[in-house]
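K.L.:
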Amino acid sequence: MNMKLDPWGSVNIDDYSKLFDEFGIMPFEDICSELPDPHRYMRRKMIFGHRSYDLITDAMKNKEPFSVMSGFMPTGGGHLGHKMVMEEIIWHQKMGGDAFVGIADREAYSVRGISWEKCRQIGIEDYIVSLIALGFEPDGHIYFQSESENVKDLAFELSAKANFSELSAIYGFSGETNVAHMVSAITQSADILQPQLSEYGGPKPTVIPVGADQDPHMRLTRGLAHKMNMFRIEGREDKDKNKFFSVRSKAAPEGSLAEIAERLPWDTKLFEGHIDVYGADDYNKLLETVRDVEIENGGYAFVPPSSTYHRFMSGLQGGKMSSSIPESLISLKEDPKLAAKKVKRAKTGGRVSLEEQKKLGGEADKCSVYELLMFHLVEDDKELAEIYDECICGKRMCGTCKALASELMEEFLTDHQEKRELAKERLDDYGL
Ligand code: SF4
Numbered sequence: 163m164n165m166k167l168d169p170w171g172s173v174n175i176d177d178y179s180k181l182f183d184e185f186g187i188m189p190f191e192d193i194c195s196e197l198p199d200p201h202r203y204m205r206r207k208m209i210f211g212h213r214s215y216d217l218i219t220d221a222m223k224n225k226e227p228f229s230v231m232s233g234f235m236p237t238g239g240g241h242l243g244h245k246m247v248m249e250e251i252i253w254h255q256k257m258g259g260d261a262f263v264g265i266a267d268r269e270a271y272s273v274r275g276i277s278w279e280k281c282r283q284i285g286i287e288d289y290i291v292s293l294i295a296l297g298f299e300p301d302g303h304i305y306f307q308s309e310s311e312n313v314k315d316l317a318f319e320l321s322a323k324a325n326f327s328e329l330s331a332i333y334g335f336s337g338e339t340n341v342a343h344m345v346s347a348i349t350q351s352a353d354i355l356q357p358q359l360s361e362y363g364g365p366k367p368t369v370i371p372v373g374a375d376q377d378p379h380m381r382l383t384r385g386l387a388h389k390m391n392m393f394r395i396e397g398r399e400d401k402d403k404n405k406f407f408s409v410r411s412k413a414a415p416e417g418s419l420a421e422i423a424e425r426l427p428w429d430t431k432l433f434e435g436h437i438d439v440y441g442a443d444d445y446n447k448l449l450e451t452v453r454d455v456e457i458e459n460g461g462y463a464f465v466p467p468s469s470t471y472h473r474f475m476s477g478l479q480g481g482k483m484s485s486s487i488p489e490s491l492i493s494l495k496e497d498p499k500l501a502a503k504k505v506k507r508a509k510t511g512g513r514v515s516l517e518e519q520k521k522l523g524g525e526a527d528k529c530s531v532y533e534l535l536m537f538h539l540v541e542d543d544k545e546l547a548e549i550y551d552e553c554i555c556g557k558r559m560c561g562t563c564k565a566l567a568s569e570l571m572e573e574f575l576t577d578h579q580e581k582r583e584l585a586k587e588r589l590d591d592y593g594l
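Numbering (the working numbering) for the sequence shown: 163 to 594.
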């Protein structure tokens with residue numbers, strides 16, 4: 163079966179494991195143990211997949227620079243789904259990442275027709291204020307696409323490396339797609355690669371926490387990062403089975419391969435279009451040298467970005483969470499008491515009668531109240547595991563969970579909204 167992921171369409175990803183087979187996304191649980199203190203989304207497998215996250219775990223371990231970047235399209239109110247991305251960004255910032263948050267106003271303008279004024283208002287009021295309230299630190303970078311000369315200039319350069327056929331293969335664009343929509347797709351690639359510009363310290367691993375529907379942006383951007391780079395390093399073997407590296411030029415300026423050869427402490431052979439390197443026992447040094455020469459020659463030497471993929475919460479009434487169905491979600495600005503009532507009306511995985519529930523146990527895996535507890539409201543894994551176990555063996559009734567979840571939701575929103583008021587007074591600290 164061919165899955166189609168559409169970052170601008172409705173989300174319907176019914177079997178996450180298919181993403182591993184069809185798109186080459188790797189299971190996150192294989193790498194989670196490398197992290198000393200993984201976020202609850204990681205521990206509980208809500209973050210289920212990644213691309214090249216080993217670059218990020220290595221950077222964390224070796225205390226080397228890395229970045230985290232994600233964006234929000236300012237089309238409507240921030241809700242618990244957006245909170246997930248915000249928390250992931252903040253967690254990586256706490257782990258030492260240089261954090262970037264882009265408000266995708268060019269995308270909102272081109273794809274949804276939202277005015278610039280409205281984009282700014284929604285961007286600040288609904289996303290940035292909540293992001294700060296959740297703990298984003300001022301040493302990170304928050305910006306609007308339309309106001310970032312870096313992003314606009316880089317998008318233009320990247321667009322020289324992409325053509326219509328590629329964009330339609332990735333996004334399903336047709337002859338009816340407006341040009342600004344295509345520009346906004348490339349602008350997102352510029353958002354993702356911006357943390358690697360020299361103003362921010364140059365090439366480095368960068369992780370983009372996203373929902374699985376956003377993978378097309380990752381594929382486009384990783385491809386563009388490769389295309390922009392002047393050199394490619396390949397591991398090879400000669401006829402006597404000796405291993406060596408070959409540094410291949412991809413339209414690099416004349417003389418740059420010789421510059422690389424001069425700086426390397428190993429045996430090199432210079433050919434037209436490539437150099438072979440023998441006896442290199444330090445791949446990182448080789449990579450660093452190639453990157454230095456590329457940057458000195460006006461290139462970017464981008465590290466193809468890494469990504470993490472999280473599951474989506476279902477709607478409170480079951481089915482999909484959708485901004486057009488207010489009963490399906492909880493907004494971060496929602497009246498806490500009304501939100502608590504919504505939780506009490508949410509669909510559970512309970513059985514038709516108490517007797518049946520006691521006999522068969524509840525279906526926590528199909529329960530939106532349990533999802534709220536697992537995604538947002540219970541930090542302690544042991545407490546959550548107890549709730550799960552009591553549910554499935556019929557010891558727990560849905561009324562108990564609803565009472566707990568609605569109380570915790572009211573507390574969370576009351577606290578979050580107090581912090582939002584404080585955040586509004588701190589916008590200057592973030593250059594806004
Ligand atoms: Fe959901 Fe709790 Fe009912 Fe189980 S007992 S189905 S976790 S509400």
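Beta carbons: idealized from backbone N, C-alpha and C, even for Gly.
Taking the C-alpha atoms as reference points, what is the distance between glutamate 569 and leucine 320?
P.N.:
If I take the Cα positions, the gap works out to 49 Å.
K.L.:
Quick check on the DSSP output: the beta strand (DSSP E) that includes leucine 296 runs from which residue to which?
P.N.:
No beta strand (DSSP E) holds leucine 296; DSSP gives it neither H nor E.
K.L.:
Among all the DSSP beta bridges, which residues are the ones paired with lysine 405?
P.N.:
Per DSSP, Glu399.
K.L.:
Tell whether a beta-carbon distance below 8 Å holds between leucine 432 and leucine 448.
P.N.:
No, the pair does not count as a contact, with Cβ atoms beyond the cut-off.
K.L.:
From which residue to which residue does the beta strand (DSSP E) around leucine 432 run?
P.N.:
Segment 429-433, the beta strand (DSSP E) holding leucine 432.
K.L.:
Roughly how many angstroms separate the alpha carbons of arginine 588 and phenylalanine 306, rounded to a whole number?
P.N.:
Distance between the alpha carbons of arginine 588 and phenylalanine 306: 18 Å.
K.L.:
Given this structure, state the Cα-to-Cα distance separating aspartate 590 from glycine 363, to the nearest angstrom.
P.N.:
Answer to the nearest angstrom: the Cα atoms are 24 Å apart.
K.L.:
Check whether the Cβ of isoleucine 604 sits closer than 7 Å to any heavy atom of ligand 1, and report yes or no.
P.N.:
Here the chain comprises residues numbered 163 to 594, so residue 604 is not present and cannot be evaluated.
K.L.:
Ordered along the chain, which non-local residues of its own chain (more than five positions away) have a Cβ less than 8 Å from that of tryptophan 278?
P.N.:
Result list for tryptophan 278: Asp267, Tyr271, Ser308, in chain order.
K.L.:
Where does the unbroken beta strand (DSSP E) through serine 468 begin, and where does it stop?
P.N.:
Taken as a continuous stretch (DSSP letters only), the beta strand (DSSP E) holding serine 468 covers 468-472.
K.L.:
Is the beta carbon of tyrosine 215 less than 8 Å from the beta carbon of threonine 470?
P.N.:
The answer is yes: Cβ separation under 8 Å.
K.L.:
Beta-carbon separation of alanine 324 and leucine 355 under 8 Å?
P.N.:
Result no, Cβ atoms of alanine 324 and leucine 355 do not sit closer than 8 Å.
K.L.:
Tell me the residue span of the beta strand (DSSP E) that contains alanine 565.
P.N.:
Note, alanine 565: premise wrong, no beta strand (DSSP E); alpha helix (DSSP H) at 560-586.
K.L.:
Which residue or residues does DSSP assign as beta-bridge partners of histidine 303?
P.N.:
Answer is Phe262.
K.L.:
On the three-state DSSP scale, how would you describe arginine 206?
P.N.:
Three-state result, arginine 206: coil.
K.L.:
Mark serine 417 as exposed unless 16 or more other C-beta atoms lie within 10 angstroms of its C-beta, in which case mark it buried.
P.N.:
For the record, residue 417 in the displayed sequence is glycine; it is not serine. Label assigned to glycine 417: exposed.
K.L.:
Would you mind sorting serine 360 into buried or exposed? The rule is 16 or more other CB atoms within 10 Å of its CB.
P.N.:
Exposed.
K.L.:
What does DSSP give as the partner residue(s) for tyrosine 440 in the beta ladder?
P.N.:
DSSP lists Phe406, Asp429 as partners of tyrosine 440.
K.L.:
With DSSP as the reference, label valine 487 as helix, strand or coil.
P.N.:
Residue identity differs from the one stated: residue 487 is isoleucine in this sequence, not valine. The answer is coil: DSSP assigns isoleucine 487 none of H, G, I, E or B.
K.L.:
So, are the CB atoms of alanine 317 and alanine 352 less than 8 Å apart?
P.N.:
Yes.
K.L.:
Using 8 Å as the Cβ pair cut-off and three pairs as the minimum, do the region 239-255 and the region 490-498 touch?
P.N.:
With a cut-off of 8 Å, the region 490-498 and the region 239-255 count as touching, because enough Cβ pairs lie within range.
K.L.:
When the Cα atoms are used, what is the spatial distance from arginine 394 to lysine 412?
P.N.:
About 7 Å.
K.L.:
So what does DSSP say about phenylalanine 234, is it helix, strand or coil?
P.N.:
Of the three classes helix, strand and coil, the one that applies to phenylalanine 234 here is strand, per DSSP.
K.L.:
Would you report the Cα separation of alanine 585 and asparagine 446, rounded to the nearest angstrom?
P.N.:
Going from the Cα of alanine 585 to the Cα of asparagine 446 covers about 42 Å.
K.L.:
Is the Cβ-Cβ distance between methionine 208 and arginine 473 less than 8 Å?
P.N.:
Contact flag set, yes.
K.L.:
Excluding the 5 residues preceding and the 5 following methionine 163 in the sequence, name in chain order all residues of the same chain whose CB lies nearer than 6 Å to its CB.
P.N.:
Note that methionine 163 scores 40 on pLDDT, short of 50, meaning its location in the model is unreliable; the coordinates nonetheless yield the value given after this. So the list is empty, once near-sequence residues are dropped.
K.L.:
Quick check on this structure: which residue in Pro365, Lys544, Pro367, Gly264 has the alpha carbon closest to the alpha carbon of arginine 206?
P.N.:
Out of Pro365, Lys544, Pro367, Gly264, Lys544 has the C-alpha closest to the C-alpha of arginine 206.
K.L.:
State the Cα-Cα distance for the pair methionine 246 and alanine 463, rounded to the nearest angstrom.
P.N.:
Each residue's alpha carbon lies about 31 Å from the other.
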